[in-house]
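Contents: one structure, followed by commentary.
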Amino acid sequence: MNQPSLLLWTSALLAAAAVCLLRFSWGRALRSAPLNAAAWGLLAFALTMGMAGGGAWGVAMVTLAALAMAFCCLALAAATAPPGKTGASNRRAHMLPEGQEPLRIGGRMVSFLLSVPGAMLVALILGLAARGTARALGAHEADGNVLMLFLMPLLWAVMAMLILLWPQRRRQVGLLTAPALLGLAMLWMVRP
Numbered sequence: 607m608n609q610p611s612l613l614l615w616t617s618a619l620l621a622a623a624a625v626c627l628l629r630f631s632w633g634r635a636l637r638s639a640p641l642n643a644a645a646w647g648l649l650a651f652a653l654t655m656g657m658a659g660g661g662a663w664g665v666a667m668v669t670l671a672a673l674a675m676a677f678c679c680l681a682l683a684a685a686t687a688p689p690g691k692t693g694a695s696n697r698r699a700h701m702l703p704e705g706q707e708p709l710r711i712g713g714r715m716v717s718f719l720l721s722v723p724g725a726m727l728v729a730l731i732l733g734l735a736a737r738g739t740a741r742a743l744g745a746h747e748a749d750g751n752v753l754m755l756f757l758m759p760l761l762w763a764v765m766a767m768l769i770l771l772w773p774q775r776r777r778q779v780g781l782l783t784a785p786a787l788l789g790l791a792m793l794w795m796v797r798p
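Basically this note's numbering = 1-based index in the sequence shown + 606.
Here it is as structure tokens:
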């Protein structure tokens with residue numbers, strides 16, 4: 607085994623040990639600040655060792671080891687936890703109409719169309735506009751692509767959430783229209 611791979615294996619084991627130490631510290635009746643600090647410090651040290659041993663790949667491997675150990679700790683805690691004293695709630699959050707109320711299928715379809723394909727299209731326009739702007743400012747093509755691929759799902763999720771939170775249809779449409787027009791204007795300005 608060569609030096610970098612030994613360093614990666616050691617740092618992955620240290621990261622897993624740090625997660626176990628955190629779980630132990632958080633499971634005590636009174637939390638211990640020194641144990642918490644030691645666990646977080648050990649995790650930071652493991653990540654630093656991973657970076658030294660393999661760069662970004664090393665950090666990814668150390669993070670994977672820490673997340674796998676956290677999953678195992680949570681799965682064990684869930685399997686050994688005593689059952690709760692109260693049953694699940696029978697409450698419905700306005701998913702379906704009560705009694706003889708109308709189903710409002712049309713309104714539900716409009717909400718779906720605005721929040722899924724509508725928000726996705728606007729997010730795509732904004733992502734492409736950001737990519738074009740980055741290219742116009744001298745960024746490499748790959749950097750522009752990464753920027754677009756980062757922004758598109760992020761903006762889609764934020765817009766879909768806001769659309770579903772705002773009950774007024776006018777605000778929902780405005781939330782999609784204004785950014786779409788801005789993105790189209792940016793695309794028009796940076797066109798080749």
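Note that the Cβ used here is the ideal one computed from N, Cα and C, for glycine as well. Small disclaimer: the values here were computed from a predicted structure and weren't measured.
| Check | Outcome |
| --- | --- |
| DSSP on Arg-710, reduced to helix/strand/coil? | coil |
| Pick from Ala-742, Val-716, Ile-731 and Gly-659: whose alpha carbon is nearest that of Val-779? | Val-716 |
| Does the beta-carbon of Ala-643 have 16 or more other beta-carbons within 10 angstroms, so that it is buried, or is it exposed? | exposed |
| Return the residue from the list Arg-797, Gly-664, Ala-685 and Leu-770 that minimises the CA-CA distance to Phe-718. | Leu-770 |
| Among Pro-688, Ser-638, Ala-645 and Asp-749, which one has its Cα closest to the Cα of Cys-626? | Ala-645 |
| Given a cut-off of 8 Å, decide if Gly-660 and Pro-610 are closer than it, judged by their beta-carbon atoms. | yes |
| Can you give me the C-alpha to C-alpha distance between Leu-793 and Arg-741, rounded to a whole angstrom? | 11 Å |
| Return the chain-ordered list of same chain residues with a C-beta closer than 6 Å to the C-beta of Leu-628, the five sequence neighbours on each side being excluded. | Ala-645 |
| To the nearest angstrom, report how far apart Leu-760 and Ala-748 are at their CA atoms. | 19 Å |
| Tell me the residue span of the alpha helix (DSSP H) that contains Gln-778. | 775-795 |
| Would Met-765 and Ala-725 qualify as a contact pair, given that the criterion is a beta-carbon distance under 8 Å? | yes |
| Return helix, strand or coil for Pro-610, following the three-state DSSP convention. | helix |
| Which residues in the same chain as Ser-631 place their Cβ atom closer than 7 Å to its Cβ, once the five residues preceding and following it in sequence are excluded? | Arg-637, Ser-638, Leu-641, Asn-642 and Ala-645 |
| Taking the beta carbon of Ala-618 as the centre, do at least 16 other beta carbons fall within 10 Å, making it buried, or is it exposed? | buried |
| Kindly give me the distance between the Cβ atoms of Leu-613 and Ala-658, rounded to whole angstroms, as I take these residues to be in contact under 8 Å. | 6 Å |
| Pull up the CB-CB distance for Ala-682 and Leu-782, whole angstroms please, since I reckon it's below 8 Å. | Contrary to the premise, residue 682 reads as Leu rather than Ala in this sequence. Contact flag wrong, Cβ pair sits at about 45 Å. |
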